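Worksheet: the structure to be examined is printed underneath.
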Amino acid sequence: MGLVFNIRFAELFDFLMGWTTFDLCGDDGKKQGDWPWRKNKPRKKPVYRPKLPY
Amino acid sequence: MRQHVGRALAMVACLACLPGCAYLRHRGEDAAEIVDLGATWAKSPYVSANACLLGLASVGAGKVNGRFVGLGDGRAAAMRHFHRNVGLLVWSYDELGWGEGVDPEKPETLERYHIGPWGWLKYPERRPAYAFG
């Protein structure tokens, strides 16, 4: 059994700036957001996945 | 006084449910996504120790492949959880999955990102939620 505690600072700023109607994380109404300059754009390429021994 | 506060909160909750008040609902969703807090458990033992410097770099390594209960990924639930990472300060790699659809063999079901100076330069793409955390 383990414990999880994590703060996402980008989401904290997203919450605060959201009150000014600026959607920093681009996630309003979406399951997953993206940076404002990448909104509605496809990912350039898959993220490199290193082979970990565990 | 308590009645007034209760009514005000109930009114806000009702407004947030209306389509025209998606704005308030989105603020609530944003608030829920700030923190992950809960407990994990798994059938097999796993070890994970990681020190994170605001998501800019990390040191440590580990893997957790089990279930999570608490507030995670913007929702309060008991759900499938996967986390695997390696942190070498100058470069770190993380894989994180929430929910029943998570399959460690299918990278598209995981959030994956590289951090540390090398990770930020070489692999800048990441979702904002996992930019600084």
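Chains as they are written, first to last, in numbering that gives the first Met the number 0: chain A, 0 to 53; chain B, 0 to 132.
Where is the CB? At the ideal position from N, CA and C, for every residue including glycine.
Nothing here was measured: the structure is a model prediction, and the numbers come from that model.
- If you check the CB distance, phenylalanine 14 (chain A) and aspartate 35 (chain B) do not come in under 8 Å.
- Under the DSSP definition of a beta bridge, asparagine 84 (chain B) partners with B:Gly61, B:Asp93.
- DSSP, read as helix, strand or coil, puts leucine 70 (chain B) in strand.
- With its beta carbon less than 8 Å from one in chain A, glycine 69 (chain B) belongs to the interface.
- With its beta carbon less than 8 Å from one in chain A, threonine 39 (chain B) belongs to the interface.
- Look at cysteine 24 (chain A) here: in three-state DSSP terms it is coil, with no helix or strand label.
- Chain A has a Cβ within less than 8 Å of the Cβ of alanine 128 (chain B).
- Membership of glutamate 107 (chain B) in any alpha helix (DSSP H) is not indicated, and neither H nor E is assigned to it by DSSP.
- Residue-level contact check: histidine 3 (chain B) does not touch chain A, since none of the beta carbons of chain A fall below 8 Å from its beta carbon.
- Residue pairing of serine 47 (chain B) in beta bridges, as defined by DSSP: B:Gly61.
- DSSP links alanine 76 (chain B) through a beta bridge to B:Gly69.
- The beta carbon of lysine 62 (chain B) sits closer than 8 Å to some beta carbon of chain A.
- Residue state for phenylalanine 4 (chain A) is assigned as strand, using DSSP reduced to three classes.
- Chain A has no Cβ within less than 8 Å of the Cβ of phenylalanine 81 (chain B).
- Around glycine 98 (chain B), the same chain offers Asp72, Met78, Arg79 as residues with beta carbons nearer than 8 Å, after the five sequence neighbours per side are excluded.
- DSSP places glycine 37 (chain B) within a strand segment (E or B) once states are collapsed to three.
- Non-local C-beta neighbours of lysine 44 (chain A) in its own chain, meaning closer than 8 Å and more than five positions away in sequence, are absent.
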